[in-house]
């Protein structure tokens, strides 16, 4: 006989706020995916477009009141997710060099001409 267990629905202990720009970056997100991440297969890019990571960012930063201030967070959310997925199975010894190169580019070094969109 199956026993019924009543489990309460989980609730966040803080207020749930939606930023004023939820959905505002949808078109830009699609453009970024198709241009910056063109090295990924079309099926992979379609999958990422369904994730709505740009919209998720507005939930993480609901108090940001300016789209221009939120845009870097949105770009970073997209980049971080794709970087993690792309290099997920990369051996640690290879990842160190990739990490160092990405940091160099972030600090102002020019990307190499054969760098993929995760570095540019």
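In our numbering, the protein residues as written are 94 to 213.
Glycine included, C-beta positions come from ideal geometry on N, C-alpha and C.
Checklist line | For residue 207 and residue 176, the rounded distance between their alpha carbons | finding: 17 Å
Next item on the list: For residue 205, name the three-state secondary structure that DSSP assigns.
Entry: coil
Notebook entry, point to check: Mapping DSSP to helix, strand and coil, what is residue 181?
Noted result: coil
Check: Where does residue 145 fall in DSSP's three states?
Finding: coil
Check: Rounded to a whole number of angstroms, what is the C-alpha to C-alpha distance between residue 198 and residue 144?
Finding: 27 Å
Note to self: Using 8 Å as the threshold, is the C-beta distance between residue 163 and residue 150 below it?
What the structure shows: yes
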